[in-house]
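Inspection log for the structure reproduced underneath, given as structure tokens.
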Amino acid sequence: MSGVGALRSVGLRTAPTTRGLRRWLLRPEAPAAVFLVVLLAAFSLAADRFLTPDNLESILVQVAVLGIIALAVNQVILAGEIDISVGSMLGLCAVAVGTVATATGGLLAPLAAGVATGVLAGAVNGLLVTLGRIPSIIVTLGMLYALRGVILLVTGGTWITQIPDETRVLGLAKLAGVSLPVFVMFALFLIVNAVSRNSTWGRDVFAVGGNRRAARLAGLAIDRTRLLAFALVGAFVGIAATIYVGRAGSVQTNAGEGLELQVIAAVVIGGTSIAGGRGSALAPVIGAVLIGVILNGMILVGVPGVWQSAVLGALILLAVTTDALRRRLVGGAA
Amino acid sequence: MSAIEASAQSRVEHRAAAAVHPPIFRLAGVTKRFGGVTAVEAVDFDLRRGEVHAQVGENGAGKSTLVKLVGGLYVPDEGRVEVGGEVVQFSSPRDSEAAGIAMIPQELDLFLELSAAENLFVGRRRPRRPWGALDWRQMEARAREQLGALGVEFDVEAPVERLSMANRQIMLIAKALMGDAAAVVMDEPTSSLTEREAARLFRIIDELTARGVGVVYISHRLGEVFMVADRITVLRDGQHVRTAPASELDSEEVVRLMVGRSLDELFSRGGHEAGDVALEVRGLTRTGEFEDIDLTVRHGEVVGIAGLIGAGRTELAQTIFGVRAAERGEVLVDGEPVELDSPAAAMEAGIGYVPEERQSQGLVLPFTIAANISLSILGRLSRLGFVASQRERETADGFAEQLAIRGARVSEPVSRLSGGNQQKVVLAKSLAGGPQVLLLDEPTRGVDVGAKSEIYRLIDRLASEGRAIVLISSELEEVLSMADRVLVMREGRVSAELSREEATQERVIAAATGVAVGEDEGAEGAAPAASVDTER
Amino acid sequence: MSANQLRPLDVLKGVRFTRELVLLCLLIVLVVVLGQMSPVFFTVGNLLNTSRFFVEVGLIALGMTLIIITGGIDLSVGAAMALVAVTVGLAHQSGVPMALALVLGLAVGLAAGLFNGLMITRLDLHPLVVTLGTFALFRGIALGVSGGGAVSSFPQWFEYFGQFYLGPVPGQLFVFIAAVTAVWLLLSRTPFGRYVYAIGNNEEAARFSGVPVRRVKVVLYTGIGVLVSMAAVIYTSRVSTSRADFGAGLELDVISAVVLGGASIYGGSGTIAGTVLGVVIIATLRNGLSLAGVETTWQVFLLGVLLIAAVFVNEFFRRREE
Amino acid sequence: GETGQGPQQSAKEGGKIICLMPKLVGIPYFEASKTGAEEAAKELKVELTYNGPTEGKAALQVEMIEQLIQRQCGAISVAANDPDALAPAMKKAKEAGIATGAWDADVKKDARDVFVNQATFEAVGKQLVDIMSKQTGEKGDFLVVTGSLTAPNQRAWLEEMKAHMADKYPDMKVAAVEPGEENLQKGIDVTRDYLKANPDTAGVFGITSVALPGAAEAVEQAGLDGKVKVTGLTTPNEMKDYIKKGTVEEFVLWNPVDLGYLAVHVAKAQLDKKLPKSGKFKAGRLGEVEVVKPDEVLLGPPIVFNKDNIGEYDF
Ligand SMILES: Nc1ncnc2c1ncn2[C@@H]1O[C@H](COP(=O)(O)OP(=O)(O)OP(=O)(O)O)[C@@H](O)[C@H]1O
Ligand SMILES: Nc1ncnc2c1ncn2[C@@H]1O[C@H](COP(=O)(O)OP(=O)(O)OP(=O)(O)O)[C@@H](O)[C@H]1O
Ligand SMILES: [Mg+2]
Ligand SMILES: [Mg+2]
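Given below as structure tokens:
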């Protein structure tokens, strides 16, 4: 039986040929992707050493820590919450990784320590948000301060140096010609993407973030969904910390300072809505890569140090303006 | 008699036998209080297999509250909920659903960012592939099938936010019908539907009851109630008034029970002398929504706009009001062009708008009733730049009395009011600015008979005061009885303009669907659903 | 325990636990405890002097409260502050008369806010997204034009903005009190204030009611730009130097104070009284702990815990009430 | 920490406490100074408060100085994040009759009685350039990685380095200054990116304790060790690996332990009004140190760390 005439004509209002492109443009990460391509082209023209496989790989290596954390924070934001404690959390996990690494060596034990520390911190965030019913911005703002305090109290301000080489493989080694940080980031992306699209939790994240009341009416386990997202952030920060320690070779007490805003920037520039419920797992990766490309490209083009922050800001604004432009063209929500 | 009524007739008969079964669920002496307000007090209510048990009552009578008690949304303060003869304690909607009770809630709570297909499956077992991943293709296929059964077809992969209100409502119906529920509770399921979609719903109800499923049906449209209901329960001020087989009651009796007194005939407007042109719309266009709309409304005239879902009526009204940007065309009030990009400018020019979505567009729920009513006229209520609260209160009290807003004082949050009373607050707000042109988009949606006739009277009064009124409504009867002139929209264009005399149900439907319906009234052999679906 | 002994929660029965009351109790407890920990804490001189350090955060927090009530946020305030300070400094250095330099600074702050406001409203972008961009942009411009250098040779009279005392009372406290009064009246008594709450609770309904949503937002972001300018001038005067790294991390201090004061980050609720209490509590805590000789490391930790605890206590009472 | 002394006690004894404020706490450099300061305090039997902000921000120091005035410290000595910003507060302390001083990084001259200088900007700048010139044959383009582009001491070193190059090594040139933002990872990334774009860079200066290890790590990761020379300023513990591997041959720093130790000795002398205006000053185990100007005490020449001596230091 056919549908109502008027409804059918709604479908006819858009010409069939543009439909595929239009669909694609409606995806949340489309504007950032377009802007990324434009930027890549621009930098390639401006700096001849930019578009080399080696340089492109090193951009990915540089954004791996940011990208991995953003992948998880993206889930929290999709679920309608926020986590701004990741900077301090990274510092704390790095301390855990470094401490265990200098004590036992090896890769697995430090990695496990980092992940366990992260999950613990993430679970505290999650429990305070769900059971304590405190808004996540306050919980994680508090944790941003509190965890930084913990780091200073635990380390007494000294760095952890001389991380053994076998711990550093996750930061430095290559697998089949690809640096491990890149490998890990893409593996985690594939996992999160699959989970996000094909698991109950992954879908519930969207529902919980999109309409909390309706989610409750539908009987979704709202608290468990959010708790898991916060714990996931912890786990990913733990993995990222191991890469961080591997790449840096030592642990500073201020490791991760200011990271929280970069992570949020990566997520929202990528196209996930800060209001929750709208976005994709690809968004944070594109956002992180975009930031990495800007930072790298500026140096290769030779932007003076004092002007780099201004250029970064201007390009971020341009990137988000692309989204506004898209909305003018094909509609869709902010 | 319309085609819908005819098909209803046959239904009632084959269900008569079902009445002997034990109840699917029973509420025994339930009471529910909210702070000081007793929403439901010591009410008994039950639902049997295969019957349609309707609930009627004025706004705020406690209908929604009562069904939320079996829906697992509220726990009764007193009394018991029994399912299949056993006392149950639902702590969430999920419990209730597990017990075989499905709910179509009054408020359209959907996941706007998710696709229609996914919306149907949230919180449910989703089809999976052998290796555990979700089977999207099957989900979409089943969604299409489910919606197809309700006679609609739209892109189930697109986010729900791109659907019209009517389609959203159909989504919720489809969602409730997905499981194998023993009972389906429908809280004003047709409030956003035109008669055509409503007719499809009735056919579905028919099929459900034939399978032994029980249906609780809440509606303010008494005509519908008498068409579908086997039994009717009347509530008043949270109390049970009477439960009786539909055959033992008639509309007058029900209305009398609802309001506690007998009510005059439903209000109908007489003819009126129209004055000068008040509102003139020329060539207004928003591509994809509506095109080249011309419209004139005179002082003292009520122009009804009818049409199917997605005909573009809401968009048109909102563009005239400046909420949406017009692409082309102009709007004049009393011959003066109106700036087309801000509601403030439209209001300045004397246009008022009552939006169709009460909660999201009409009200600031945490605000008090007074603050809602005064929101558009704060400038006028201010002295030396500060809001004069005395004046604000007096204005609000005036409207509360004039429109009989019941349930809370004007200094209380508007969220404490029942749906219908909230609607009156929205009306009050648009009237506060003293508009010469009033655009009413589904002004009686979810409003009880009493209030409805008050609103009709109000519209009549406003018109006789010389205001120009545009009445958009999906209730054909409403348009036909209230309008001096009827415009019919189809696919974003005006497909017919009918005078009061020319406007009959058949002609409006024909113009709305683009299909000529036989003038012969005896054509009910074809149910309306079938008759309009012959196109293409 | 004797039978007629009143249980503490009984005594409090009937008292409405507004957020502000909880915060006020917290402040009193803090003052008493800190007074015990350090004898100098509880002197008029110290308490007044403490105010010199929260006025900048406090001024900006007033504007941020209104923005947060509308459901927005401004992360660029610290960077904008640097931009204003650098403008004033460089203008002065290049020979512009100081008074004109201050006007220039004000104009730059206003322009920065206006830029945020226009980006947000014209392009329909989320404030967080826009101000994350301007967070980098404003500081970047400040850094770029100043080349990272400092300006410090301000005329004597400029010191009045940040180092003036009337008796024992620091001059900027008057500025703050005046600003608090003005913003409080604006928010609680005027149509504009009502619009702010309406937008935060239901922007669509506000728009349908003829509230000039965009204009209100532009005014708010421009307004916070002005407050930032004032803060930047006071700060520049207080430390008698201007540099591009001023106000780093200020946004988090401001937001901490506002959310501690009870404004919902989701928009719709918040009060000036709450924000002022939030500002004062954080300042008092820092001052008192420092005077008591508690290491800054512990202070950071305690600040975080306090933030969570204060909101938790508030939630607890709110739920009890329901 | 044991340095956060009981408040009652300190107030009673007021006027005898020495308050030493680092730029920030929680970094190895100032933790090392703390060790030295505590050592001196024990030796001299004075009460010491060693506390600073957790971030290197002048504004936070201003606030803390005012609190130290309230706490009636006998002497306040600060390592200033900003020479100008701290001046009003330090003047206030002076007016309150407190012995004022600066150590590690000066405040404006009229805002303190004495400055305990570890090494002049000029000496450090020259030393860095000289070390580099030896390794690169007195020529080449160089990258400087800073902590922050606004930090006054780093800016001063940079100026001295540029001046010295112009003066003595016309073929050496600072080609770029990249901000490392006191962040190890960021330091590594900017160095790597820069070297990629400018492969003929002769060497990298890392002029903070975070920038130098970052630069060394980046050069090593890029496989350029030996080809691109690295030197700068930092504490030795972080550098032991790089010295051992030869990525870095030599780098410069004074001994922060001794600096903290000396600062307390000077403050104590101020309290006792025994600080000479010129000549020599006896500072415990350091022996005689020089009073170079009426108000400046000099720790001595900076230490050049290399393979041979780095094992002797632990900070
Ligand atoms: N959550 C709530 N808090 C406070 N009062 C409530 C709440 N829900 C309902 N009420 C009150 O309970 C009464 C019954 O409301 P209910 O929504 O059940 O009415 P209804 O019969 O469904 O009305 P309508 O036809 O307008 O939908 C009303 O007076 C209403 O104000
Ligand atoms: N591209 C599209 N995809 C899906 N739906 C669309 C699309 N474009 C428009 N629509 C729907 O068509 C509707 C246009 O009709 P509108 O809602 O104005 O009709 P109406 O006559 O007021 O009907 P209603 O009675 O539902 O209010 C829009 O609400 C929108 O949801
Ligand atoms: Mg209801
Ligand atoms: Mg409509």
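Chains as they are written, first to last, in this note's numbering: chain A, 1 to 334; chain B, 335 to 870; chain C, 871 to 1192; chain D, 1193 to 1507.
Glycine included, every Cβ here is placed at the ideal spot set by N, Cα and C.
Any residues in the region 811 to 842 of chain B with a beta carbon nearer than 7 Å to a beta carbon of chain A? Which ones, in chain order?
Arg-824, Glu-825
Can we say the region 363 to 371 of chain B touches the region 402 to 416 of chain B, given the rule of at least three CB pairs closer than 8 Å?
Flag = yes, the region 363 to 371 of chain B and the region 402 to 416 of chain B touch.
Please report the straight-line C-alpha distance between Phe-35/A and Ala-207/A, rounded to a whole angstrom.
29 Å
For Ile-1094/C, which option in Gly-942/C, Gly-1017/C, Ser-1134/C has the closest C-alpha, if you only look at C-alpha atoms?
Gly-942/C
List the residues of chain C that Leu-1212/D touches, going by C-beta distances under 9 Å, in chain order.
In chain C, no part has a C-beta under 9 Å from the C-beta of Leu-1212/D; the shortest such distance is about 13 Å.
Beta-carbon of Ala-1006/C versus every beta-carbon of chain A: anything under 9 Å?
yes
What do you reckon, are the CB atoms on Val-390/B and Met-592/B nearer than 9 Å?
yes
Tell me which residue opens and which closes the beta strand (DSSP E) that Met-520/B is part of.
517 to 521
Do we get a CB-CB distance below 9 Å when we pair Pro-464/B with the residues of chain A?
No - not a single Cβ of chain A is within 9 Å of the one on Pro-464/B.
Burial state of Leu-128/A (16 or more Cβ within 10 Å)
buried
Contact with chain D by Val-1109/C, beta-carbon distance below 9 Å
yes
Straight-line gap, Leu-1155/C to Ala-1127/C (C-alpha atoms, nearest Å)
Using only the alpha carbons, I get a separation of about 12 Å.
Is the beta carbon of Glu-392/B within less than 8 Å of some heavy atom of ligand 1?
yes
Any heavy atom of ligand 1 closer than 8 Å to the beta-carbon of Thr-399/B?
yes
With hydrogens ignored, establish whether the beta-carbon of Ala-660/B is closer than 8 Å to any heavy atom of ligand 1.
Answer for Ala-660/B: no, Cβ out of range of ligand 1.
Span of the beta strand (DSSP E), counted from its first residue to its last, around Thr-1165/C:
At residue 1165/C the sequence reads Glu, which differs from the Thr that was named. Run containing Glu-1165/C: none; DSSP gives neither H nor E here.
Please report the straight-line C-alpha distance between Pro-1493/D and Leu-1445/D, rounded to a whole angstrom.
9 Å
Using alpha carbons as the reference points, say which of Ser-808/B, Leu-765/B, Ala-766/B, Ser-764/B lies closest to Gly-780/B.
Of the residues Ser-808/B, Leu-765/B, Ala-766/B, Ser-764/B, the one whose Cα lies closest to the Cα of Gly-780/B is Ser-808/B.
Quick one, are the C-beta atoms of Glu-690/B and Thr-648/B less than 9 Å apart?
yes
Does the beta-carbon distance from Val-237/A to Trp-159/A come in below 9 Å?
no
Distance, Cα to Cα, Val-330/A vs Val-1000/C?
21 Å
When Pro-1040/C, Gly-975/C, Leu-1043/C, Thr-1060/C are compared against Val-721/B, the one with the closest alpha-carbon:
Thr-1060/C
Where does the unbroken alpha helix (DSSP H) through Gly-313/A begin, and where does it stop?
305 to 330
Strictly below 8 Å CB to CB, what residues from chain D border Trp-24/A?
In chain order: nothing, as chain D lies at least about 32 Å away.
When the Cβ atoms of the region 63 to 71 of chain A are set against those of the region 217 to 226 of chain A, are three or more pairs found closer than 8 Å?
These segments do not touch.
Proximity test, Cβ basis, 9 Å: Gly-1493/D and chain A:
The sequence given here has Pro at residue 1493/D, not Gly. No, no contact with chain A.
List the endpoints of the continuous beta strand (DSSP E) containing Glu-260/A.
No beta strand (DSSP E) contains Glu-260/A, which is instead part of the alpha helix (DSSP H) from 259 to 270.
Give a single yes or no on whether Arg-750/B has its beta carbon closer than 8 Å to a heavy atom of ligand 1.
yes
Spell out whether any CB of chain B is found under 9 Å from the CB atom of Leu-1082/C.
It should be noted that the sequence gives Pro, not Leu, for residue 1082/C. Yes, Pro-1082/C lies at the interface with chain B (some Cβ there is under 9 Å from its Cβ).
For the region 1047 to 1072 of chain C, which residues have a beta carbon sitting closer than 7 Å to at least one beta carbon of chain B?
Arg-1059, Thr-1060, Pro-1061, Arg-1064, Ala-1068, Asn-1071, Asn-1072
Taking 8 Å as the cut-off, is the C-beta of Asn-755/B nearer than that to any heavy atom in ligand 1?
yes
Does the distance between the C-beta of Gln-440/B and the nearest non-hydrogen atom of ligand 1 fall short of 8 Å?
yes
Going by the DSSP bridge assignment, what does Cys-93/A pair with across the sheet?
None, per the DSSP bridge assignment.
For Trp-307/A, decide whether its Cβ has a neighbour in chain C, counting only Cβ atoms nearer than 9 Å.
Chain C contact via Cβ: present.
If you follow the alpha helix (DSSP H) that Gly-387/B is part of, which residue opens it and which one closes it?
Note that residue 387/B is His in the sequence shown, not Gly. Unbroken run through His-387/B is the beta strand (DSSP E), 386 to 391; no alpha helix (DSSP H).
Anything in chain D within Cβ reach of Ala-255/A, meaning under 9 Å, just list it in chain order.
Asn-1375, Leu-1376, Gln-1377
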